[in-house]
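In my numbering, the protein residues as written are 53 to 396.
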């Protein structure tokens with residue numbers, strides 16, 4: 053008989069949990085689902101779970117947590133955890149952990165790639181050449197083309213990914229500034245970038261702004277019509293962090309009105325966007341002139357690579373098994389009421 057039972061309600065892989073089973077070992081049973089609706093999963097599966105390994109497709113709210121009779125840890129196979137009710141889990145004595153040590157390079161690369169796309173005109177050229185290989189064969193048909201060297205690159209959030217992105221931006225000869233009130237002073241010196249004391253100062257100064265902060269009450273809707281108006285008319289905004297940091301309708305209005313020049317979004321407040329969402333309408337049938345010219349969207353893919361997916365799967369299960377096997381907690385993001393022996 054297996055020692056533990058683990059469950060994933062919203063698996064984001066096609067196989068039968070091959071990596072998860074190999075990582076957990078033979079004494080673990082698994083229940084693997086690919087649902088968004090908690091009610092689609094049998095009640096007994098929730099009750100039997102000793103640990104949850106969750107992705108980002110299902111909201112793990114207080115009602116879901118109330119279904120857990122045996123659960124000793126919830127592990128997010130990823131970085132962001134705003135879809136998990138940390139307080140409800142803490143009230144039940146359940147630690148919530150995330151998996152921050154995967155995908156760092158991929159997200160940083162993606163943010164830089166979005167910048168390069170605009171400043172080197174890749175999708176603008178591609179779109180025009182698709183329309184006509186003859187009329188589109190014109191180097192002047194990329195509206196945001198421009199030299200990067202000497203421009204200012206603003207990083208909001210100097211954590212792991214923000215730091216990796218800043219280092220990449222420096223390699224392109226950009227002057228990198230950062231804003232992060234939660235990172236100790238001196239971190240910017242170690243990275244070799246400038247610190248500014250307010251978001252407003254960073255927005256006013258930057259030619260490219262890249263968001264790398266978590267979604268919190270402080271950052272939700274942080275980029276709205278008011279803050280967008282602080283940016284340079286030629287500036288580009290990139291968001292590979294969390295979708296709800298940006299007011300998307302306000303961003304689209306800013307693009308149409310020439311408040312800023314371009315935007316690259318890998319994340320949205322609702323994923324995938326509903327058909328009536330402003331950005332879904334902009335992308336429908338590819339008819340909106342913003343798309344590809346001054347607006348670029350990718351499907352929450354910045355983190356993704358075969359290597360990164362494998363890392364997320366393996367590391368999340370390792371975290372769950374450490375807790376179940378000997379009570380070791382790593383990457384804790386809440387404060388469970390029961391005393392928990394945290395790892396050094």
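The C-beta atom is built at its ideal place from N, Cα and C for all residues, glycine as well.
#### Entry: Contact belief for residue 240 with residue 210 at Cβ below 8 Å, rounded distance in angstroms
Between residue 210 and residue 240 the Cβ distance is about 7 Å, and since that is below 8 Å, they are a contact.
### For residue 265, the three-state DSSP class (helix, strand or coil)
Of the three classes helix, strand and coil, the one that applies to residue 265 here is coil, per DSSP.
### Message
If distances are taken between C-alpha atoms only, which option among 276, 284 and 369 comes closest to residue 301?
### Response
The shortest C-alpha separation from residue 301 is found at 276.
### Query
Roughly how many whole angstroms lie between the Cα atoms of residue 130 and residue 259?
Just so you know, the alpha carbons of residue 130 and residue 259 end up roughly 30 Å apart.
### Query
In terms of residues, what are the limits of the beta strand (DSSP E) holding residue 82?
Per DSSP, the unbroken beta strand (DSSP E) holding residue 82 starts and ends at 80-84.
### Task
Taking 8 Å as the threshold, find out whether the stretch 72-83 comes into contact with the stretch 360-372 through three or more Cβ pairs.
Yes, the stretch 72-83 is in contact with the stretch 360-372.
### Task
Give me the Cα-Cα distance between residue 193 and residue 304, rounded to the nearest whole angstrom.
About 21 Å.
### Query
Given residue 237, which residues of its chain have a CB within under 8 Å of its CB, disregarding the five upstream and five downstream residues?
Close CB contacts of residue 237 within its chain, under the 8 Å cut and outside five residues either way in sequence, are with 247 (chain order).
### Query
If residue 142 and residue 386 are in contact, beta carbons under 8 Å, what's the gap, nearest whole angstrom?
The pair is a contact, with the Cβ atoms about 5 Å apart (cut-off 8 Å).
### Query
Under three-state DSSP, which class holds residue 373?
If DSSP states are grouped into helix, strand and coil, residue 373 belongs with the helices.
### Task
Count the C-beta pairs between the stretch 288-295 and the stretch 159-168 that are closer than 8 Å, then say yes if the count reaches three, no if not.
The stretch 288-295 and the stretch 159-168 touch, with no fewer than 3 CB-CB distances between them shorter than 8 Å.
### Task
Just grab the DSSP bridge partners of residue 288 for me.
Residue 288 pairs with 260 and 314.
### Task
Could you have a look at residue 385 and say whether DSSP puts it in helix, strand or coil?
It is coil, neither helix nor strand.
### Message
According to DSSP, simplified to helix, strand and coil, what is residue 228?
### Response
If DSSP states are grouped into helix, strand and coil, residue 228 belongs with the strands.
### Query
Mind checking whether residue 251 and residue 268 have CB atoms under 9 Å apart?
Residue 268 sits away from residue 251, with the two beta carbons spaced by 9 Å or more.
### Other residues of its chain near residue 378: CB distance less than 8 Å, five sequence neighbours each side excluded
Taken in chain order, the list of residues that qualify is empty.
### Query
Cβ of residue 116 within 9 Å of Cβ of residue 148?
In this structure, residue 148 does not lie closer than 9 Å to residue 116 by Cβ.
### Message
Are the CB atoms of residue 155 and residue 354 within a distance shorter than 9 Å?
### Response
In this structure, residue 354 places its C-beta atom within 9 Å of the C-beta atom of residue 155.
### Query
Anyone know if the C-beta pair for residue 159 and residue 127 falls short of 9 Å?
9 Å or more divides the Cβ of residue 159 from the Cβ of residue 127.
#### Entry: CB contact flag (residue 59, residue 83, <9 Å)
Yes, Cβ-Cβ distance for residue 59 and residue 83 is below 9 Å.
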